[in-house]
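S.K.: The numbering of the sequence shown is full-length UniProt numbering, which starts it at 1 and goes up by one.
Note that the Cβ used here is the ideal one computed from N, Cα and C, for glycine as well.
Small disclaimer: the values here were computed from a predicted structure and weren't measured.
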Amino acid sequence: MATLTAPRLLDRRTDFPGLVTASGEPWHYLDSAATAQKPKAVIDAIARSYGGDYATVHRGVYARSADMTIAYEAARRKAAAFIGGREDETVFVRGATEGINLVASSWGGKNLKSGDRILLSQLEHHSNIVPWQLVAERTGAVIDVAPLTEDGQIDLEAVEAMLTPAHKMVALAHVSNVLGSVLDAKRAAALAHNVGALLLLDGCQAVPRIPVDVAALGCDFYVYSAHKLYGPTGIGVLWGRAALLDAMPPWQGGGAMIDRVTFECTSYAPPPQRFEAGTPHITGAIGLAAAIDYVQAIGVEAIHAHECALVAEAQDALSGINAIRLFGPKDSAGILSFEMQGVHPHDIGTILDEANVAIRAGHHCAQPLMDHLGVPATARASFGIYSNSEDVAALVRGLERVRRIFG
1 MATLTAPRLL
11 DRRTDFPGLV
21 TASGEPWHYL
31 DSAATAQKPK
41 AVIDAIARSY
51 GGDYATVHRG
61 VYARSADMTI
71 AYEAARRKAA
81 AFIGGREDET
91 VFVRGATEGI
101 NLVASSWGGK
111 NLKSGDRILL
121 SQLEHHSNIV
131 PWQLVAERTG
141 AVIDVAPLTE
151 DGQIDLEAVE
161 AMLTPAHKMV
171 ALAHVSNVLG
181 SVLDAKRAAA
191 LAHNVGALLL
201 LDGCQAVPRI
211 PVDVAALGCD
221 FYVYSAHKLY
231 GPTGIGVLWG
241 RAALLDAMPP
251 WQGGGAMIDR
261 VTFECTSYAP
271 PPQRFEAGTP
281 HITGAIGLAA
291 AIDYVQAIGV
301 EAIHAHECAL
311 VAEAQDALSG
321 INAIRLFGPK
331 DSAGILSFEM
341 QGVHPHDIGT
351 ILDEANVAIR
361 AGHHCAQPLM
371 DHLGVPATAR
381 ASFGIYSNSE
391 DVAALVRGLE
401 RVRRIFG
């Protein structure tokens, strides 16, 4: 019988200048699900775009503006191709939150009416709940909530039973930011389309961790943020099917999103420019392109195997601590949430910080999920390209110290 070997862990820590303390000690950063550290390649690309390369885009006739416009639109093509989309279907937004708000306000405001239904799930991030609540209040639409399976997956059997022709939108997380559970997105798309509904996927936690191809998944909208993909903050991507975007009205007005403006009437540019009012986050797009180059050079499959190996290592180590309860499925994608009996997650996070271990502690912008789990908050360790077994060992040592302190 062949011997199975664990996947070889990546060794990219030296690419990330932020992974040391002020005194030069290793910083065990386990909060990548909140925001990822940036590799030097991304930092350098942003610095160049703010320095000798800097100019506005789409407006100048001078050479540097033309060059920056070419680089900006090349970043759009790269952001689209990274998830299997087309550039004319790819809108630059401030982040995934803005992308969902754009769809909810523009598509939802035009297409939803009283009696229509929207289906969400119990594990959604607030960014994929509140925008739909806002549009439901304006239109009279109703929100339904799909339950979870025992191990923290969105229950697609229940989704199938719940969906009716009254449902117009299904909006789900591709990967949970708390549990790391991975949605069977292809099946979710089929279920939505069976009743004539659209599927929007929140891909913030998926895109840095698993290969994504929107055409193969069959979704209708997909959003992701650069800052979780080792890129800069303040920029993200909304992908939408061309016919859907073309039929959607503008969300914000201003420069760049117009065709012709008069005081009597204004006509609008085609997508994606229709949804990009004002001067864009030029350097953010350049940084996102550099982040995608960095990730693709390593390979998303290799990153996924790396993070899964670390999650399994951490699950094994933490399950040996009696006071700890783990949440989520065994095959979590890069994210591990837990509680320690009798200790608030904020106290865990504070004590771990003293040992140079950074985790997230709180409700993770998923308060309905916390209610479902029966806890006010959890502690969360999340992994990235730069994480390694030393980070897991430091986490375990820190948690043993927490247990000793609280007895």
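With a CB to CB cut of under 8 Å and the five nearest residues on each side skipped, what residues in its chain are close to I258?
M.R.: Within the same chain, I258 has close Cβ partners T266, S267, Y268, A269.
S.K.: How many Å lie between C308 and R64 at the Cα?
M.R.: Those two C-alpha atoms are separated by around 44 Å.
S.K.: Can you tell which of T283, I118, A71, I235 has the C-alpha that lies nearest to the C-alpha of L198?
M.R.: Comparing Cα-Cα distances from L198 to each of T283, I118, A71, I235, the minimum goes to I118.
S.K.: Could you name the residues that DSSP lists as bridge partners for A291?
M.R.: In DSSP, A291 forms no bridge with anything.
S.K.: Closest by CA to G33, which one among V212, F383, A96?
M.R.: Position check: residue 33 holds Ala in this sequence, whereas Gly was assumed. Checking every option, the nearest Cα to that of A33 belongs to F383.
S.K.: Would you check if the distance between the CB atom of N177 and the CB atom of A366 is smaller than 8 Å?
M.R.: Taking 8 Å as the Cβ cut-off, N177 and A366 qualify as a contacting pair.
S.K.: Which stretch, first to last residue, makes up the beta strand (DSSP E) that contains L201?
M.R.: Where L201 is concerned, the enclosing beta strand (DSSP E) stretches over 198-202.
S.K.: CB I324 to CB M340, shorter than 8 Å?
M.R.: Yes, the pair counts as a contact, with Cβ atoms nearer than the cut-off.
S.K.: Taking the straight line between their C-alpha atoms, what separation do you get for K78 and T21?
M.R.: The alpha-carbon atoms of K78 and T21 are separated by roughly 34 Å.
S.K.: Since W251 sits in a beta bridge, which residues does DSSP pair it with?
M.R.: Answer is none; W251 lacks a bridge partner.
S.K.: Out of R12, V237, K113, G284, state which residue places its alpha-carbon closest to the alpha-carbon of V57.
M.R.: Of the candidates R12, V237, K113, G284, the one whose C-alpha sits nearest the C-alpha of V57 is G284.
S.K.: If you follow the alpha helix (DSSP H) that M68 is in, where does it begin and where does it stop?
M.R.: Counting along the chain, the alpha helix (DSSP H) containing M68 begins and ends at 63-81.
S.K.: Mind reading off the beta-carbon distance from A146 to D116? Whole number of angstroms is fine, and I expect it under 8 Å.
M.R.: Their Cβ separation, rounded to whole angstroms, is 17 Å, which puts A146 and D116 out of contact at 8 Å.
S.K.: For a quick check, are the C-beta atoms of L30 and V343 less than 8 Å apart?
M.R.: No, the pair does not count as a contact, with Cβ atoms beyond the cut-off.
S.K.: In chain order, which continuous runs of the alpha helix (DSSP H) of length 4 or greater are located wholly inside the region 117-148?
M.R.: Whole alpha helix (DSSP H) segments, 4+ residues: 130-139.
S.K.: Would DSSP call W27 helix, strand or coil?
M.R.: W27: coil per DSSP, three-state reduction.
S.K.: Helix, strand or coil: how does DSSP classify H167 here?
M.R.: If DSSP states are grouped into helix, strand and coil, H167 belongs with the strands.
S.K.: Could you work out which residue in T90, L163, P211, Q205 is closest to A189 when comparing CA atoms only?
M.R.: Ranking T90, L163, P211, Q205 by Cα distance to A189 puts L163 first.
S.K.: Does DSSP classify I298 as helix, strand or coil?
M.R.: Helix.
S.K.: State the beta-bridge partners of R360 as determined by DSSP.
M.R.: Answer is R380, bridged to R360.
S.K.: Which class does R59 belong to by DSSP, given the choice of helix, strand or coil?
M.R.: R59: coil per DSSP, three-state reduction.
S.K.: What number of angstroms, rounded off, separates the C-alpha of T35 from the C-alpha of V261?
M.R.: Each residue's alpha carbon lies about 40 Å from the other.
S.K.: Rounded to the nearest angstrom, what separates K110 and R187 at their Cα positions?
M.R.: Rounded to whole angstroms, K110 to R187 spans 27 Å at the Cα level.
S.K.: Taking just the CA atoms, how far does I83 sit from I232?
M.R.: First, the amino acid is wrong: residue 232 is Pro here, not Ile. Whole-angstrom Cα-Cα distance: 18 Å.
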